[in-house]
Amino acid sequence: MSLASKKVRYGLVAAVIIVVVVGISVGYVIPTLVTPSTIKVGLVWPTTGAQALIGKDQVNAFTLVVDQANAAGGIKSLGGMKIELLIGDTKADPKTGAAEAERLITEAKAHILVGSYGSAVTATTSEVAERYGIPFLNPDSTSPALHTRGFKWFFRTTPHDQLLVKNMVDFTKDLEKKEGRSFKRIAIVYENTLWGIDSAKVIKDYAPTLGFEIALEMAYPASAVDLSSEVLKLKATEHDVLMQASYLSDALLFTRTFKTLGYWPKLWIANDAGHIHPDYLKTLGKDAYYVFSREVFSADLGPKKDSIKKANDAFKSKYGYDMDGTMARSYTAASLLVDILERAGSLKPDDIKKALAATNWSEAKVPMPWKGIKFDETGQNILGLGIIVQLIDGQWRTIWPFDIATAAYVLPAKAPWA
70 MSLASKKVRY GLVAAVIIVV VVGISVGYVI PTLVTPSTIK VGLVWPTTGA QALIGKDQVN
130 AFTLVVDQAN AAGGIKSLGG MKIELLIGDT KADPKTGAAE AERLITEAKA HILVGSYGSA
190 VTATTSEVAE RYGIPFLNPD STSPALHTRG FKWFFRTTPH DQLLVKNMVD FTKDLEKKEG
250 RSFKRIAIVY ENTLWGIDSA KVIKDYAPTL GFEIALEMAY PASAVDLSSE VLKLKATEHD
310 VLMQASYLSD ALLFTRTFKT LGYWPKLWIA NDAGHIHPDY LKTLGKDAYY VFSREVFSAD
370 LGPKKDSIKK ANDAFKSKYG YDMDGTMARS YTAASLLVDI LERAGSLKPD DIKKALAATN
430 WSEAKVPMPW KGIKFDETGQ NILGLGIIVQ LIDGQWRTIW PFDIATAAYV LPAKAPWA
């Protein structure tokens, strides 16, 4: 290379360096420093597979709130910037969920992640967010272990099963007093992933302190296609109460098998999830009647709290049916997201995290039967509460705590299909 060519080459390199440096100093936008045009929110929920119906309802509830915020002018503290939702389909699988979380962070450049319903999946998706230093908002997973990992970027709005499963046992004790009868022996049936295992553990640890006995503890494969042997084992075991933790597909399968094999407990309490999904009642009709479930939301509380009525009315107007607890938790998380972005006034992860940590929602503001939303140092909302509902005449009705009940509970002596 000639001396003249070298001078030209080095001159071009120097010119590029000068342009970049000068551009930065006077505020020119260069490609690597482009300001994002939207606020990218990654939703990591199951939108295909066994839990697809649930995941799609969560996306719908979240989208409803975000669309309203965008239509109202976007995030004003960020100059009216709009929120863009990015969907990561977990397929209800922890490994797939982790891969989707990583894709949303590294490729799609998500500013915050929300998800992921199943506790086992949330465990992996939130770990990815923690590793990258991206805020993770969890509206819906209830394993008590999730907020005890020492994570700094994890925030959970929903109460966890240390409270909610205890509600199932507390309700049973209150029912004994109210009815003047014994429900002493408890059978525990649960799907064998993190959520089901933790649910069973809370019952095993807590129920004996109130005088109950564990008559049976039975885990089953979450992907089971035949539950006949499990139901036959239930029939052969003397017990008063069935406490069950199942997702939608297995909740349906269990109930159908109950009918086929003629099984019916004296008291049947579900741990939310599959039993409270609208498709449980829609699919089974009267065969679903009279099951109790712990919950975090019920549309029939709308007359008692304006924020619940407003949220459910908006959802029902858009989609044609009432929210259940899972949808309501998604709606609540979306409402919180809009609020924290306004308060953060920034898309820096640290600023979003600080806004999350500073949240202090009042009882009136939160569209749930909770005292509000306020996070402790572990990222757990300490103001969440649980209720017990029952399927009565085709509707979920709040029946406990008894002082807020909207209907009288029913304790049928036989199954609805008998």
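Numbered by our numbering, the letters in the sequence shown go through residues 70 to 487 in order.
We treat Cβ as the ideally placed atom computed from N, Cα and C, and that holds for glycine.
All values reported here derive from a predicted model rather than from experimental measurement.
Rounded Cβ spacing between D319 and E260 (contact assumed at less than 8 Å): About 6 Å separates the two Cβ atoms, so the contact holds.
Inter-stretch contact (C-beta, 8 Å, three-pair minimum) for the segment 209-228 and the segment 181-188: The segment 209-228, when compared against the segment 181-188, does touch it at the 8 Å Cβ threshold.
Expected contact under 8 Å - CB spacing of A368 and Y400 to nearest Å: No, A368 and Y400 are not in contact; Cβ-Cβ is about 12 Å, not under 8 Å.
Whether G149 touches A170 by CB criterion (9 Å): No, Cβ-Cβ distance for G149 and A170 is not below 9 Å.
Proximity below 9 Å, CB of L336 to CB of F361: For L336 and F361, yes; Cβs fall inside 9 Å.
Within 9 Å, strictly: CB atoms of K242 and G280: Cβ atoms of K242 and G280: closer than 9 Å.
Residues of its chain near E411, where Cβ-Cβ distance is below 7 Å and the 5 sequence neighbours each way are ignored: Correct list, in chain order: I144, K145 and S146.
Terminal residues of the beta strand (DSSP E) in which M287 lies: Element bounds for M287: E282 to Y289.
Host alpha helix (DSSP H) of K387 (start-end): Per DSSP, K387 belongs to the alpha helix (DSSP H) from D375 to Y388.
6 Å CB neighbourhood of A138 in its chain, flanking five on each side removed: Only V407 meet the Cβ criterion.
DSSP beta-bridge partners of V258: According to DSSP, residue pairing for V258 in a beta bridge involves M287 and Q313.
Alpha-carbon spacing of H344 relative to A357, whole angstroms: Looking at the two C-alpha atoms, the distance is approximately 9 Å.
In DSSP terms, what T467 is bridged to: DSSP, once it has assigned bridges, lists V458 as partnering T467.
Backbone CA spacing between R398 and G463 [nearest angstrom]: When rounded, the distance between both Cα atoms is 22 Å.
Span of the beta strand (DSSP E) around S362: That run of the beta strand (DSSP E) goes F361 to E364.
Exposed unless 16 or more other CB atoms sit within 10 angstroms - verdict on T165: Burial of T165 is indicated by the presence of at least 16 other C-beta atoms within 10 angstroms of its C-beta.
Assigned secondary structure, G111 (DSSP; H/G/I helix, E/B strand, else coil): Under the three-state reduction of DSSP, G111 is assigned to strand.
CB of G453 within 9 Å of CB of M437, strictly: In contact: G453 and M437 (Cβ atoms closer than 9 Å).
T306 and A284 closer than 9 Å at C-beta: Against a cut-off of 9 Å, the Cβ pair of A284 and T306 comes out as a contact.
CB contact flag (A256, H308, <9 Å): Cβ atoms of A256 and H308: closer than 9 Å.
Neighbourhood of W264 by C-beta distance below 6 Å, restricted to the same chain and skipping five residues each side: The answer, listed in chain order, is S188 and S212.
Beta-carbon spacing of N429, R225 below 9 Å: Not closer than 9 Å, so no.
Among Y359, K422, V435 and A269, the one whose alpha carbon lies nearest that of E199: Each of Y359, K422, V435 and A269 was checked against the Cα of E199, and the nearest Cα belongs to K422.
Euclidean distance between Cα positions of K440 and L330: Cα to Cα, the separation comes out at about 43 Å.
Proximity below 9 Å, CB of T492 to CB of A167: The question about residue 492 has no answer, for the chain in this structure spans 70 to 487.
Local Cβ density within 10 Å of D267, reported as buried at 16 or more and exposed below that: Around the Cβ of D267, a 10 Å sphere holds 16 or more other Cβ atoms; the residue is buried.
Close Cβ partners of L155 (< 8 Å) along its chain, the five nearest in sequence each way excluded: In the same chain as L155, and ignoring 5 residues on each side of it, the C-beta atoms closer than 8 Å to its own belong to K109, V110, G111, L112, L173, A177 and A179, in chain order.
Nearest-angstrom Cβ-Cβ length linking K385 and D393, presumed shorter than 8 Å: A Cβ-Cβ distance of about 12 Å is found for the pair K385 and D393, leaving them out of contact under the 8 Å criterion.
Assigned exposure category for K270 - 16 Cβ within 10 Å defines buried: Looking at its Cβ environment, which holds 16 or more other Cβ atoms inside 10 Å, K270 is buried.
Under the three-state DSSP convention, the category K434 falls into: Here K434 carries a coil assignment [DSSP, helix/strand/coil].
Cα-Cα separation, K253 to L244: If you take the alpha carbons of K253 and L244, they lie about 11 Å apart.
Contact check, V238 vs L206, beta carbons under 9 Å: Result no, Cβ atoms of V238 and L206 do not sit closer than 9 Å.
Contacts around G142, its chain only, beta-carbon distance under 8 Å, and the 5 residues preceding and following it disregarded: Correct list, in chain order: G149.
Bridge partner(s) assigned by DSSP for A339: The partner list for A339 (beta bridge, DSSP) reads Q313 and S362.
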